[in-house]
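Asks: Residue numbers (my numbering), protein chains in the order written: chain A, 19 to 206; chain B, 10 to 190. Even for Gly, the Cβ is constructed at its ideal location relative to N, Cα and C. Note that this is a predicted model, so its numbers are computed, not measured.
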Amino acid sequence: MTTIQGIRNNRSLQTGLGLLFGILFGFLLVRGGATEHEVIWGQLLLYDFTVLKIMLSAVLVGMIGFHLLRSLGLVELHVATPSLGSNLVGGLIFGLGFGLLGLCPGTVAGAIGRGSVDALVAGAIGLLIGTGLFARLYPRISRGIARAGPLPWKTVPELLGNVNPWIVVVPAAIAILGLFWVLETLGL
Amino acid sequence: MLELLFAARWSPYLAGAGIGLLVCLAFLLSNRPIGCSTAFLKARGMLGGLVSPERVESMEYYQRFAPTVDWQFMIVPGAIIGGFIASLLSGTFGLELVPTFWADRFGESVVLRWAVGLAGGILLGFGSRWAGGCTSGHGISGNLQLSLASMLAAAGFFIGGILVSLAIFGIPDGRGVWGLV
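(1) Give a yes or no on whether 7 Å exceeds the smallest Cβ distance from GLU69/B to chain C.
(2) Give the residues from the segment 51 to 62 of chain A that approach chain B closer than 7 Å (Cβ to any Cβ), ordered along the chain.
(3) Is the segment 39 to 56 of chain B touching the segment 30 to 44 of chain A in the sense that three or more CB pairs, one from each, lie closer than 8 Å?
(4) Just to confirm before moving on: does the CB-CB distance between ALA95/B and PHE39/A stay below 7 Å?
(5) Would you list the one or two residues that DSSP bridges to SER134/A?
(6) Between the segment 183 to 197 of chain A and the segment 73 to 86 of chain A, do three or more beta carbon pairs fall short of 8 Å?
(7) Does the pairing of the segment 96 to 106 of chain A with the segment 48 to 60 of chain B give three or more beta-carbon distances under 8 Å?
(8) So, GLY151/B versus SER159/B, is the Cβ gap smaller than 7 Å?
(9) From what residue to what residue does the alpha helix (DSSP H) around VAL60/B run?
(10) Under 7 Å between the Cβ atoms of ALA98/A and VAL85/B?
(11) By the 7 Å beta-carbon criterion, what residues does the segment 93 to 106 of chain B contribute toward chain A?
(12) If you check the beta carbons only, do ARG132/A and TRP19/B fall under 7 Å apart?
(13) Examine chain B for any beta-carbon lying closer than 7 Å to the beta-carbon of ARG49/A, and answer yes or no.
(14) Would DSSP call THR68/A helix, strand or coil?
(15) How about GLY126/B and ALA140/A: do their beta carbons lie closer than 7 Å?
(16) Does ARG138/B get closer than 7 Å to chain A when you measure Cβ to Cβ?
(17) Are any of the Cβ atoms in chain B nearer than 7 Å to that of GLY103/A?
(18) Secondary structure at SER145/B, three-state DSSP: helix, strand or coil?
(19) Leaving aside the five residues before and after LEU70/A along the sequence, list all residues of the same chain whose C-beta is less than 7 Å from its C-beta, in chain order.
(20) Measure from the alpha carbon of ALA88/B to the alpha carbon of each residue in GLU63/B, PHE74/B, LEU31/B and ALA140/B, then state which is nearest.
(21) Rounded to whole angstroms, what's the CA-CA distance from PRO76/B to TRP111/B? Just pull it up for me.
(22) Keeping to the same chain, check which residues put their C-beta closer than 6 Å to that of VAL186/A; ignore five residues upstream and five downstream.
(23) Taking Cβ positions, are GLY148/A and ILE177/B nearer each other than 7 Å?
(24) Between the Cα of VAL65/B and the Cα atoms of LEU118/A, LEU201/A and LEU151/A, which residue gives the shortest distance?
(25) For ALA162/B versus ALA140/B, is the C-beta distance shorter than 7 Å?
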């Protein structure tokens, strides 16, 4: 534990780790095909399920790994307080951009790396403008619409009455595997 | 094993499982969820700071997310480098002005594409900060913690994205789920 705390508190080491994690992330996004516009648009048009397979495989492995680490007391939850006005409304605005650009922020970065000028000119510049615009409007949005429709629970285990997270993790893992089976059976 | 390093595409299940392990490693060693939209915000704050540092320092949002080169910021330059390494190793690196999928439908006009794409990028940046994260921060890192905020956000990402894509490109006849209905 002390060594892990030492690593976490070492700021220059963390900056280097951020770079390393970013490199691995970009590498995996390109290898999965997620940095190609046609793969993202294929998913949003519901005929190429590559993106869903990547995301749900990551969730499946990550969910089990995270909860193992959490059961061992090595990691803690990092979740936001949910509200419809923030997460759903913001998510829908994001979705409009997702459809127009054919990439998301992480895949914009990976796509720049593989040579997409579209990701650089439209994606990265658009992201800089959009995040800056939000920073400017943040005081109004955060005190206004983002507070609408708050949910009293942060996680699914909390929603179910503070049950042991594994009661949710195991069925969720089975459901994801079942969905993969359905996708493969249907040839999607 | 070594061929995998050079293969242009992996099974999406393998790439996804790798990302899942990576997110766990980031939680363990850095105590943070991997997300990408914050880095663009920080970059925007740093650029703004070149023009007017007082103005950036006075803004509430940049007090929450300090525009500095840190772990969160480095994810994006890292992902650019990682994408570059991946495409170099597989020999698939190549400059692409207009995405082929777009050009097939709307032609090679760079102006039209970049105008639509830029509008998309702006909405993506604005919406990701409004929702408190993007496809990586909410879609993967948040959902694997069984976060309700992340599930709401991911629902928004895909509902919005599906509607806009269908509006732009039309319903693809007979392909994927459309062949089943």
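Replies: This is what the structure gives:
(1) Of the protein chains in the structure, A and B, none is chain C.
(2) GLY51, THR53, HIS55, GLU56, TRP59 and LEU62: these are the residues of the segment 51 to 62 of chain A whose beta carbon lies less than 7 Å from some beta carbon of chain B, given in chain order.
(3) Yes: the two stretches touch, three or more of their Cβ pairs being nearer than 8 Å.
(4) Against the second sequence, residue 95/B aligns to sequence position 86. Against the first sequence, residue 39/A aligns to sequence position 21. For ALA95/B and PHE39/A, no; Cβs fall outside 7 Å.
(5) Your numbering for residue 134/A matches position 116 in the first sequence. Answer is GLU105/B, bridged to SER134/A.
(6) Contact holds: three or more Cβ-Cβ distances are below 8 Å.
(7) No, the segment 96 to 106 of chain A is not in contact with the segment 48 to 60 of chain B.
(8) Stepping through the second sequence from its first residue, residue 151/B is reached at position 142. Stepping through the second sequence from its first residue, residue 159/B is reached at position 150. In this structure, the beta-carbon distance from GLY151/B to SER159/B falls below 7 Å.
(9) In the second sequence, the residue the question calls residue 60/B occupies position 51. Here the alpha helix (DSSP H) through VAL60/B covers 46 to 60.
(10) Position 80 of the first sequence holds residue 98/A. Position 76 of the second sequence holds residue 85/B. The answer is no: Cβ separation not under 7 Å.
(11) Hits within the stretch, in order: PHE93, ILE94, ALA95, SER96, THR101, PHE102, GLY103, LEU104, GLU105 and LEU106.
(12) As a first step, residue 132/A must be located in the first sequence, where it is residue number 114. As a first step, residue 19/B must be located in the second sequence, where it is residue number 10. Cβ atoms of ARG132/A and TRP19/B: not closer than 7 Å.
(13) Here residue 49/A refers to the residue found at position 31 when the first sequence is read from its first residue. Yes, its Cβ sits closer than 7 Å to a Cβ of chain B.
(14) Along the first sequence, read from residue 1 onward, the residue named residue 68/A stands at position 50. Three-state DSSP puts THR68/A in a helix.
(15) Residue numbering aside, residue 126/B sits at position 117 when the second sequence is read from its first letter. Residue numbering aside, residue 140/A sits at position 122 when the first sequence is read from its first letter. Cβ atoms of GLY126/B and ALA140/A: closer than 7 Å.
(16) Position 129 of the second sequence holds residue 138/B. Using beta-carbon distances, ARG138/B counts as an interface residue toward chain A, with a partner under 7 Å.
(17) Reading the first sequence from its first residue, position 85 is the one you call residue 103/A. Contact of GLY103/A with chain B is not assigned, every C-beta pair being separated by 7 Å or more.
(18) Within the second sequence, the letter at position 136 stands for residue 145/B. Three-state DSSP puts SER145/B in coil, outside helix and strand.
(19) For the purposes of this step, residue 70/A is taken as the residue at position 52 of the first sequence. GLN61.
(20) Numbered from its first residue, the second sequence carries residue 88/B at position 79. For the options GLU63/B, PHE74/B, LEU31/B and ALA140/B, the alpha carbon positioned closest to that of ALA88/B is the one of LEU31/B.
(21) Within the second sequence, numbered from 1, the residue matching residue 76/B stands at position 67. Within the second sequence, numbered from 1, the residue matching residue 111/B stands at position 102. Cα-Cα distance, rounded: 34 Å.
(22) Counting from 1 along the first sequence, the entry for residue 186/A is found at position 168. Cβ neighbours of VAL186/A beyond the five flanking positions: VAL174 and PRO175.
(23) Walking along the first sequence from the start, residue 148/A turns up at place 130. Walking along the second sequence from the start, residue 177/B turns up at place 168. Not a contact, by the Cβ cut-off of 7 Å.
(24) Looking up residue 65/B in the second sequence gives position 56. Checking every option, the nearest Cα to that of VAL65/B belongs to LEU151/A.
(25) Looking up residue 162/B in the second sequence gives position 153. Looking up residue 140/B in the second sequence gives position 131. In contact: ALA162/B and ALA140/B (Cβ atoms closer than 7 Å).
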